[in-house]
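Read the structure below first, then the notes.
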DNA sequence: TCATTAACAGCGG
DNA sequence: CCGCTGTTAATGA
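Numbering (the numbering used here), first residue to last: 42 to 277.
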């Protein structure tokens, strides 16, 4: 078994389905989006879904008071809004473009047409959907069972696994991530995230600069998470 | 006890 | 100037 490192930072949904993707995108329309624009909003009904070719999109759930739970941050070669391809329920989340992006718009009708000719296109989408389902399930697990410190530790492990780069002083997370981002990803308050990060720095597990983190002692970070997570590898 | 909200000050790009 | 961070006080489960 592998550790549950599926990161909310989603970077490729395609895998071995290059040909299927090309066929699908032939019947899609490309649009350019500026940063800050919404692609769709929670509650909207639509018969179109999206493929992010290049750029960055945030998928999140907002409440009336403005608080936000980030479900995923997606970069190039990923699908989003897939629910609209399959049923008539409104979108359950909001998709916001974070930087200038090129996005293909695919209609449900076009999808069912190309699936009839090339059924493996359906498997491509199922593959993307299952990966997101797993990602969401792991977030539900953390929200249900982990305390604040472990939630921060786990998101750090996921991010470092997905985005980590070896540096002289440790594993560096090569993305601009604020304490606020971590709070919205983990369902914690910013104060709590800052406190945990300060503690981890005090005990020499990581170094932080503004918007940047370096893990200097990965092993002890893993130990802080402790056992008990499903899918976690046993080292006997 | 642990975490949250609100508020504010200092830092720095 | 504005966004990010560190910190405190008050409040709640």
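All C-beta atoms, glycine included, are put in the ideal place defined by N, C-alpha and C.
Relative to the C-alpha of residue i, which residue among the options is closest?
i: residue 203; options: 186, 229, 176 and 168; result: 176
i: residue 180; options: 75, 229 and 53; result: 229
i: residue 212; options: 63, 231, 200 and 184; result: 200
i: residue 167; options: 62, 85, 264 and 189; result: 62
i: residue 47; options: 198, 135, 242 and 208; result: 198
i: residue 246; options: 252, 236 and 257; result: 257
i: residue 50; options: 259, 196, 156 and 241; result: 196
i: residue 130; options: 89, 165, 142 and 146; result: 89
i: residue 225; options: 262, 184 and 260; result: 184
i: residue 266; options: 85, 190 and 108; result: 190
i: residue 83; options: 104, 142 and 217; result: 104
i: residue 209; options: 255, 240, 251 and 250; result: 255
i: residue 110; options: 165, 231 and 205; result: 231
i: residue 233; options: 106, 192 and 218; result: 192
i: residue 165; options: 106, 120 and 218; result: 120
i: residue 71; options: 264, 142 and 242; result: 142
What does DSSP give as the partner residues of residue i in its beta bridges?
i: residue 211; result: 208
i: residue 165; result: BP columns for residue 165 are empty, so no partner.
i: residue 149; result: Looking at the DSSP assignment, residue 149 forms no beta bridge with any residue, so it has no partner.
i: residue 255; result: 213 and 248
i: residue 144; result: 72 and 93
i: residue 138; result: 98
Just confirm the distance between the C-beta atoms of residue i and residue j, as a whole number of angstroms; I'd bet it's less than 8 Å.
i: residue 74; j: residue 144; result: 6 Å
i: residue 69; j: residue 101; result: At roughly 24 Å, the Cβ-Cβ gap does not stay under 8 Å, so residue 69 and residue 101 are not in contact.
i: residue 87; j: residue 125; result: 5 Å
i: residue 91; j: residue 146; result: 6 Å
i: residue 238; j: residue 259; result: Their Cβ separation, rounded to whole angstroms, is 16 Å, which puts residue 238 and residue 259 out of contact at 8 Å.
i: residue 79; j: residue 169; result: The pair is not a contact, with the Cβ atoms about 21 Å apart (cut-off 8 Å).
i: residue 194; j: residue 262; result: 6 Å
For the region 56-68 against the region 148-161, do three or more pairs of beta-carbon atoms, one drawn from each stretch, fall closer than 8 Å, so that the two count as touching? yes
Which whole runs of the alpha helix (DSSP H) in the region 168-210 are 4 residues long or more, in chain order? 189-204
Which runs of the beta strand (DSSP E) spanning at least 3 residues fall entirely within the region 51-136, listed in chain order? 70-74, 79-81, 89-103, 109-115 and 119-121
For the pair the region 91-104 and the region 150-157, tell me if three or more CB-CB distances fall below 8 Å. no
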